[in-house]
Amino acid sequence: MANKNRRSAFTKALSFVDLSKIPGPRGIDYFHYVQFFQRDILGAFTKVNRDYGDIGSFPWPMNSIIIYSPEFARRVLVENHKSYIKGEQIEELRAVVGNGLATNNDYESWLRIRTIIAKEFNAKAIQSFNKNFERLCLEHISGWSGKSEMDVCEEMKFLTFKIACDTLLGVSLSKEDAHKVNEAVHFTSLVTYERIFQFFPVPYWVPTKKNEAFHRHYKNLSTIVNKLILQEKGRQNSHPSSVLERLVHAVDPETKDRLSDDELHDEILTMLLAGHETSAHSLTWTIGLLAKHQEIQEKLHKLISENSLENIPYLQWIIMESMRLYPSFPVLSRKTAETDTLGPYTIPKNTNVVIPIYVIQRNQENFADALTFNPERFASAETQKSFAYLPFSKGPRKCIAEAFAMSEMAIILYQLIKHFSFELIHTDLPQEVASVSLKPVGGMNVRAIKRK
Ligand code: HEM
């Protein structure tokens, strides 16, 4: 089952699209860039923007364009989204999550499944998870002493993983299985990420140590998810509490259609991977930024001591601003299924289209004082709606769980700042690095001091 990876290095090497009319490095400069991308992917994306402006092309063998204009992003993600499919990277992801929402490139099948699942992430459904977010957060921080030095990144990963098990998979998950799921999700997503950036990844059928470990972890994950689906199918559950339980019983309101067992399996794996680390890293950067900007942290604490969460938009703005500077997925990618035009440029069919939102969100032209942490900029609805702000993407393929993730992060942040104040142990924030999601190099070391 694991080897659903259909990308062939050979086919990739044979494909060619004519990008000669789009500016970008050529000759020796091209190869210098390729090396730069291997060394420092975020730095390289930033340099392409500085050197070539709104669009940069990398012809064969990369067959790629990189776009930086919010208007181009709008065209690709919304206006003409039907001319685009998910980028080549999803072929690697498909080896784990099969044909789940994030990797499904068949429009009709994707739309059918998205319609069924979207209902399970509506406001009412999310409200039913809020108590669990709060309970698990309070349980977790009750283990922190009066003044603890910690890597808050590890703490948040632990907490959001517990939340994922509880809200996605449900209470029937045993401790032993939770441990296996944790190891498997971590290992398979790391391997997938590594392979995305390798020119010619070793096919999964080659019996290397890593491939064997991948198959073992994948089998564990898949077996546990199938077991939970089967268990749930045998029950008449009128009060489903986890996402898995909801999806097993979910019905399309119009067609009365349900998800098949294979579809359920792939969707749950997709959610475990897509929800893995993303919320943890966003929370980590938020705590780091608040520890660095004590005046903003104290303002938030004052608001928390006087108001309930629903009455503190400032808390949401803090999370939004943190995700502007440190988006969990720093890059979105698509591929043209048909020729399209972006401004004056013709983009041929089969071109990889890369949208480095990390660079777009930090560009002075899109945000005043772009590198300054200023939550108040999100007081404007226009800023929130801008196509220069894409941490959850936009358009029909935007994150299906945006409201779920925002609610989870807001509830955790509220409790953390209510009970603790945070200080950075080092003088500045750590360097960011693009891994499975954007993470701090060496973790985020803070002092958490219990408030009186
Ligand atoms: C801070 C947390 C999160 C961030 C920043 C985030 C970000 C994103 C982004 C940027 C995309 C779109 C990718 C694209 O356009 O190519 C996406 C898609 C998706 N996300 Fe999230 N995500 C988060 C949490 C979650 C969680 C917790 C879940 C599941 C419970 C989830 C499930 C999905 C799924 C299923 C898709 C694919 C949607 C589709 O193609 O129809 N995400 N996410």
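When we follow this note's numbering, the leftmost residue of the sequence shown carries the number 2, and every step to the right adds one. All C-beta atoms, glycine included, are put in the ideal place defined by N, C-alpha and C. Here the structure is a predicted model, which means the values were calculated and not measured.
> Taking 7 Å as the cut-off, does the CB of C154 come closer than this to any heavy atom belonging to the ligand HEM?
Replying inline: no
> If S65 sits next to T352, beta carbons under 8 Å apart, how far is it from one beta carbon to the other, in whole angstroms?
Replying inline: 7 Å
> Any idea if Q362 is buried or exposed, counting beta-carbon neighbours within 10 angstroms, 16 or more meaning buried?
Replying inline: buried
> The alpha helix (DSSP H) with N227 in it runs from where to where?
Replying inline: K210 to K234
>> Give me the residue from T337, I418 and R452 with the minimum Cα distance to R461.
In response: Absent from the structure is residue 461, since the part of the chain shown begins at 2 and ends at 453.
> So does S283 have its beta carbon nearer than 7 Å to some heavy atom of the ligand HEM?
Replying inline: yes
>> Output needed for F379: all residues of its chain with C-beta closer than 7 Å, excluding positions within five of it in sequence on either side, in chain order.
In response: W318, M321, E322 and Q385
> How would you write the range of the alpha helix (DSSP H) that Y454 sits in, first residue to last?
Replying inline: Lying outside 2 to 453, the shown extent of the chain, residue 454 is not represented and no answer is given.
>> Less than 8 Å between the beta carbons of L243 and M410, yes or no?
In response: This sequence places Ser at residue 243; Leu is not what is there. Against a cut-off of 8 Å, the Cβ pair of M410 and S243 comes out as no contact.
> Apart from the five residues on each side of it in sequence, which residues of its chain come closer than 8 Å, Cβ to Cβ, to K293?
Replying inline: F374, L425, D429 and L430
>> Going residue by residue through the stretch 324-401, where are the continuous alpha helix (DSSP H) segments of at least 4 residues, counting only ones entirely within it?
In response: 358-361 and 382-386
>> By alpha-carbon positions, which one of Q432, P397 and A402 ends up nearest to V79?
In response: P397
>> Our contact map puts F17 next to G344 with C-beta atoms below 8 Å; I'd like the distance itself, whole angstroms only.
In response: Not confirmed; about 23 Å, so no contact.
>> Please tell me whether, using a cut-off of 7 Å, the distance from the CB of P345 to the nearest non-hydrogen atom of the ligand HEM is below it.
In response: no
> With 16 as the cutoff for other CB atoms within 10 Å, does D107 come out buried or exposed?
Replying inline: exposed
> What number of angstroms, rounded off, separates the C-alpha of V447 from the C-alpha of E92?
Replying inline: 38 Å
> Counting only runs that start and end within the stretch 258-322, where is the alpha helix (DSSP H) found for 4 or more residues in a row?
Replying inline: 262-276, 279-293 and 295-307
>> Among the candidates P60, E268, E233 and C154, whose CA atom is the shortest distance from the CA of A119?
In response: E268
>> Quick check on K125 - is its C-beta less than 8 Å from some C-beta in chain C?
In response: Protein chain content of the structure displayed is limited to a single chain, and chain C is not contained in it.
> Can you tell me whether DSSP reads V57 as helix, strand or coil?
Replying inline: According to the sequence shown, residue 57 is Gly rather than Val. Correct three-state label for G57: strand.
>> Here's a check: name, in chain order, each residue in its chain whose Cβ is nearer than 6 Å to the Cβ of K181, leaving out the five neighbours to either side.
In response: N221
>> Tell me the residue span of the alpha helix (DSSP H) that contains F159.
In response: V153 to A165
>> Assuming S329 and H277 are in contact, meaning their beta carbons sit under 8 Å apart, how far apart are those beta carbons, in whole angstroms?
In response: In fact, because the Cβ distance is near 10 Å, the residues do not count as touching under 8 Å.
>> Could you check whether the Cβ of M272 sits closer than 7 Å to any heavy atom belonging to the ligand HEM?
In response: yes
> Contact check, F59 vs G28 under 8 Å by CB: the rounded distance?
Replying inline: Not a contact, Cβ separation roughly 12 Å.
> Measuring from the CB of R115, is there a heavy atom of the ligand HEM at a distance below 7 Å?
Replying inline: yes
>> Just to confirm before moving on: does the CB-CB distance between N133 and D178 stay below 8 Å?
In response: no
> Any chance the CB of G171 is under 7 Å from a heavy atom of the ligand GTP?
Replying inline: The ligand GTP is absent from the structure shown, which contains only the ligand HEM.
> Looking only at DSSP bridge pairs, what is I509 linked to?
Replying inline: A question about residue 509 goes unanswered here, because the residues of the chain that appear run from 2 up to 453.
> What separation, rounded to the nearest whole angstrom, lies between the Cα atoms of T189 and P202?
Replying inline: 14 Å
> Roughly how far, in whole angstroms, is the beta-carbon of I401 from the beta-carbon of F122, given that I think they are within contact range, below 8 Å?
Replying inline: 6 Å
>> Check for me: the alpha helix (DSSP H) holding E184 runs from which residue to which?
In response: K176 to I197
> Looking at N131 and V360, is the spacing between their C-beta atoms short of 8 Å?
Replying inline: no
> Nearest to L417 by CA position, among W111, K210 and E299, is which residue?
Replying inline: E299
> Is the stretch 243-252 touching the stretch 204-218 in the sense that three or more CB pairs, one from each, lie closer than 8 Å?
Replying inline: no
> What is the C-beta distance between K451 and F421, in whole angstroms, given that I count them as a contact (C-beta under 8 Å)?
Replying inline: 6 Å
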